[in-house]
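Novice: Quick one: the structure is below, questions incoming.
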Amino acid sequence: MLQFDFMRYAFIAGIFISLICGVMGTFVVARQTSFFTHTLSEIGFSGAAFGIFLGISPLLGMIIFTMASALFIGISGDRLSRRETSISLFSGIFIGLGILFLSLSSKQSSYATNILFGSIVGINIGNLYSLVALSLLILIVIALLFRQLAYNSFDVTGSQYNQHLNLLTSIVFLGLLALTISVTSQIIGSLLIFVLLTIPASSAKFYTASLWKMIFLSTIFSLVGIWAGLYFSYITNWPVTFFITMIEALIYGSALVRHQLQVSKFSFKN
């Protein structure tokens, strides 16, 4: 399996995707922005289709669309969880725009499938270099802002005392989230990246309340899903996205069952 270049590239890409999804996913779950993350992934689809329509890099189109949307939402201020109707409207509009751009372009319909579901087994060395460089950029920015981001995400009441810094942190976080989706969607797909940014972190939350442990477990869960998905896809020739999604769902299900058993055991003792 590893004698093929594309498989080696895919496994290496899986490491960096897991790192940024593990870190960003933990904050996505803590800040309750899962719904907006889903919307951003759909906006990324529209941006990629726009890039194809103009004849530029789909990655550049995704970055433009997702960063602009994240900036707009971040500046508007209020908590994202209170604006589900507006976000749903954004989602529908951008999916429609993506379909329009693809229909107007000269590319084949297979491009739409690649944007939506990705092509991790078709990654080349150029894609890998871009992924590594932008992943390192995301991780460096997170490291520089980690203390404030953790405070802003896990101590909502305390962070309200500094509204200006709170707003700035939220805008930076949404920008990083947009960049994460843009970087990884070309390989994982704009639909599947929502899975990796929410389910592993949600699973980790059932095992620990420690921020660092959540990040570690979320990263491990993501990596297990990607690597195992690649292996099963190779031996069955089934889509890798199917296996990654099913594996992450099984991990979440086992974490949920474990949590319920612990709750029942505690209730029984009392």
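Numbering of the sequence shown is given in my numbering, commencing with residue 5 and proceeding in unit increments.
We treat Cβ as the ideally placed atom computed from N, Cα and C, and that holds for glycine.
(1) For a test of the three-state rule: what should DSSP assign to Gly59, helix, strand or coil?
(2) Pull up the distance between the alpha-carbon of Gly162 and that of Tyr155, whole angstroms please.
(3) In angstroms with no decimal places, state the Cα-to-Cα distance between Ile142 and Thr184.
(4) Inspect the beta-carbon positions of Leu23 and Ser134 and report whether they are closer than 9 angstroms.
(5) Tell me where the alpha helix (DSSP H) around Ala208 begins and ends.
(6) For the alpha helix (DSSP H) containing Gly233, name the first residue and the last one.
(7) Just the Cα atoms here: how many angstroms apart are Asp9 and Phe40?
(8) Taking the straight line between their C-alpha atoms, what separation do you get for Gln266 and Leu260?
(9) Buried or exposed for Leu43, please, with buried defined as at least 16 other CB atoms from any protein chain shown within 10 angstroms of its CB.
(10) Where Met71 and Tyr235 are concerned, what is the direct C-alpha to C-alpha distance, given to the nearest angstrom?
(11) With Ser189 and Met66 assumed to form a contact (beta carbons below 8 angstroms), what rounded beta-carbon distance in angstroms separates them?
(12) So, using beta-carbon positions, are Tyr238 and Ile203 closer together than 9 angstroms?
(13) On the criterion of 16 or more Cβ atoms from any shown chain inside 10 Å, does His218 qualify as buried, or is it exposed?
(14) I think Ala53 touches Gly102, with their Cβ atoms under 8 angstroms apart; what is that distance to the nearest whole Å?
(15) Assuming Ile127 and Ile47 form a contact by the criterion Cβ under 8 angstroms, report the distance between their Cβ atoms to the nearest whole angstrom.
(16) Over what stretch of residues does the alpha helix (DSSP H) that includes Thr30 continue unbroken?
(17) Between the beta-carbon of Phe208 and the beta-carbon of Thr30, is there less than 9 angstroms?
(18) Which one of Phe76, Ala74, Phe49 has the shortest CA to CA distance from Leu63?
Specialist: In short, the structure shows the following:
(1) coil
(2) With a pLDDT of 49 at Gly162, under the threshold of 50, the predicted position of this residue should be treated as unreliable, and no value is reported.
(3) 7 angstroms
(4) no
(5) 196-209
(6) 215-240
(7) 35 angstroms
(8) 10 angstroms
(9) The sequence given here places Thr at residue 43; Leu does not occur at that position. Buried.
(10) 33 angstroms
(11) 6 angstroms
(12) no
(13) Reading off the sequence shown, one finds Met at residue 218, where the question assumed His. That one is buried.
(14) 4 angstroms
(15) Going by Cβ atoms, the distance from Ile127 to Ile47 rounds to 23 angstroms, so no, they are not a contact pair.
(16) 9-34
(17) The identity of residue 208 in the sequence shown is Ala, whereas the question assumes Phe. Contact: yes.
(18) Phe49
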